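In my numbering, the protein residues as written are 16 to 270. Here the structure is laid out as structure tokens; the discussion comes afterwards.
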Amino acid sequence: MKSIVPLSPDEVKKMTRACRLAAETLNHIEKYLKIGQTTEEINQIVHDYTLRNGAVPAPLGYKGFPKSVCTSVNSVICHGVPDAVTVLKDGDIINVDVTCKLDGFFGDTSRTFLIGNVSETAKDLVQTAHQAMMKGIEAITPAGTTGDIGFEIQKFITRKGYTAVREIGGHGVGRNFHEEPFVPSYGKRGKLDRLVPFHCITVEPMVNQGTEEIIEYDIPGSLIKYYLTADGLLSAQFEHTVLVTDTGYEILTQA
Ligand code: MF3
Ligand code: CO
Ligand code: CO
């Protein structure tokens with residue numbers, strides 16, 4: 016059995032505030048996601064907005080991660096590192112993954128945005144990633160398991176003709192950035208880890224256009240890796256932080 020300590024009502028309030036700020040940060044960044052923008056500029060905007068709102072950007076310095084946000088463009092699956100040479104171009108898709116630490120609690124959310132005129136196939140992938148996340152969230156019940164979530168995510172993605180990344184996924188979140196349990200994009204109903212009422216998890220499926228195979232790359236000076244699709248095709252992702260309640264769930268990072 017995993018050692019998950021549920022949140023007190025006061026801690027739920029703090030968690031709610033951290034998650035709201037993370038969602039508002041994505042709302043704020045959306046207007047800057049234009050052709051010609053560098054991911055380094057996106058990083059700076061997220062960094063400043065987070066500090067201005069009394070929070071800390073949790074990625075910065077986390078296991079040596081060098082930036083305040085993850086920006087994953089096209090075939091980058093996740094943990095893309097912002098830099099001054101990655102310029103957004105017409106037709107790109109970009110996942111921006113924001114984690115705010117506010118009053119000791121972590122709110123974690125990401126969306127994949129469309130830049131300029133995006134192909135219908137890329138749009139379909141992005142829409143599928145969003146729907147897959149929602150299918151996973153809707154499978155959450157107080158007495159349920161992470162297998163319930165993974166099962167629904169995988170079923171949905173496979174039916175759409177795409178693949179779900181297995182090695183990386185959701186996680187417990189709250190007093191720490193990453194907690195138990197692992198929330199996979201695969202599984203069987205009723206299997207894997209039990210959910211705990213008044214604990215938070217993220218649901219964050221990564222959906223690949225082609226192969227589910229991934230390639231891992233080191234980030235200098237960091238224990239965090241970033242990942243690309245092995246075939247160079249696109250990958251899309253959405254992430255919400257969700258509170259498991261005694262009657263169901265509540266999405267805390269709602270736009
Ligand atoms: N926000 C990512 C997640 O959803 C984790 C990023 S870790 C970092 O779990 F160090 F790369 F920021
Ligand atoms: Co996460
Ligand atoms: Co995240």
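Ideal Cβ placement from N, Cα and C applies to all residues, glycine included. In this text the structure is predicted, and so the values were computed from the model without any measurement.
For Val-27, the three-state secondary structure derived from DSSP is helix. Distance from the C-beta of Phe-253 to the nearest heavy atom of ligand 1 is not below 8 Å.
In this structure, Cys-115 lies near Thr-65, with their beta-carbon atoms less than 9 Å apart.
A distance criterion of 8 Å places the beta-carbon of Thr-124 in contact range of ligand 3, judged by its closest non-hydrogen atom.
By the Cβ-count criterion, Gly-131 is exposed, with fewer than 16 other Cβ atoms from all chains shown falling within 10 Å of its own Cβ. The continuous stretches of beta strand (DSSP E) do not include Thr-156, and DSSP gives it neither H nor E. Among the bridge pairs identified by DSSP, Gly-176 is matched with none. His-214: not part of any beta strand (DSSP E); DSSP gives it neither H nor E. The shortest CA-to-CA distance from Phe-192 to any of Gly-122, His-255, Asn-110 and Ala-251 is the one to Gly-122. Distance from the C-beta of Gly-95 to the nearest heavy atom of ligand 2 is not below 8 Å. Contact between the region 254-268 and the region 144-159 is present, with at least three C-beta pairs closer than 8 Å. Under the 8 Å Cβ criterion, the region 247-261 counts as touching the region 221-230, having at least three qualifying pairs.
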